[in-house]
Amino acid sequence: MSYIVTASSLNLRRGPSINDPVIGSLPNGTTVNVIEKTNADWWKVQAMNGTATGYAAAKYLREIPVVKPPADMNPHKVTPVHYPTSPQSNRNSINSRHCPLSETDLPKRNTAGNIQSKNADAHAIVAYLDVVNSLRYQRTTQSTYCNIYAYDFCYLAQAYLPRVWWTSKTLMEFAKTPGYNPAPAYAKNVNELNANSLFDWLEEWSDDFGWVRATSLDEVQAKVNEGRVGLICAKRKVLSRSGHITCVVPEIAGNPNVALRQNGKVVAPLQSQAGATNKKFFATVWWTSSEFSEFGFWYHD
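Residues in the sequence shown are numbered from 266 upward in steps of one, following this note's numbering.
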């Protein structure tokens, strides 16, 4: 969630106390991401330009509301879009990565199941996708495929995340035309989304498709542990460079893969990713890197 500094100048401190040393100053109007609402008085924040991270007095931060267009400006529902499957869109192919997986034995998360069954389904999806070994997700010297892995995971978990999304012109047509439901046409009415674009999509469209933005790492891990689907996504400052997106996965009793906690609080959720290094499970903090301008955590029923 984004906040703005309301004080004329707000001290950024090393810890959540007025007795902790000042490590910087945030001028009035500075926009920050709240990493953690540490307590009622002090929040851990990162300046949106990524130049500074520390603790600031919560009373001098005001939430920036997300402005949605008036209902009558978008009277007709925008439909989710998936490109049609292809026989070549499978785990052992580098082709048709813009298409959903086409194998006949795909595991799915039963959204009507109980917490235990949904969490078991999520782990079955991770096992099936086999990100470490599947050719579909293997990096090249120029490209990584975090967005494709996140899409495949969410597709099987039955939480909508786009791999391709409608063009601006097509979205305008949705707004004008009742019942508009075109077939996707590559590079004509849909374009592929990379991780930077997925961040923008999540900020603009997530709540229209069932996603909720979490305000803390504790919240996103807890929601996922209750059977939901989770994501962490970050946008690069240099848009020609790759952003990143990871899937937050549930902790299961008896499984050694768990979130990283300090003093009982989650500091790094349990995640699964494709990327520079493909990992079935890991728990590290990567989104606070100075390479990223913005980040967020989301979950979906």
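C-beta: ideal position from N, C-alpha, C; glycine also.
The region 382 to 402 makes contact with the region 349 to 369, as at least three CB pairs between them are under 8 angstroms. Between the C-alpha atoms of Arg-526 and Asp-465 there is a straight-line separation of about 29 angstroms. Secondary structure within the region 437 to 471: the beta strand (DSSP E) runs of 3 or more consecutive residues, fully enclosed, are 455 to 457 (chain order). Contact between Leu-467 and Cys-498 holds: their C-beta atoms lie close to 6 angstroms from each other, under 8 angstroms.
DSSP assignment within the region 269 to 310 yields the following whole beta strand (DSSP E) runs of 3 residues or more, N-terminal first: 274 to 278, 287 to 292, 296 to 301.
Rounded to whole angstroms, Val-503 and Tyr-564 show a C-alpha spacing of 26 angstroms. If the five residues before and after Ser-274 are omitted, its C-beta is found closer than 8 angstroms to the C-beta atoms of Ser-290, Leu-291, Pro-292, Asn-293, all from its own chain and listed in chain order. Per DSSP, the continuous alpha helix (DSSP H) segment holding Cys-411 begins and ends at 411 to 422.
Exclusion of the five residues before and after Leu-400 leaves Arg-356, Asn-357, Ser-358, Ile-359 as the residues of its chain whose Cβ lies within less than 8 angstroms of its Cβ. If you draw a straight line from the Cα of Asp-386 to the Cα of Thr-376, it comes to about 10 angstroms. Where Glu-328 is concerned, the enclosing beta strand (DSSP E) starts and stops at 326 to 328. Per the Cβ contact rule, the region 516 to 536 is not in contact with the region 452 to 461 (fewer than 3 Cβ pairs under 8 angstroms). In the structure shown, the three-state DSSP call for Ile-359 is coil.
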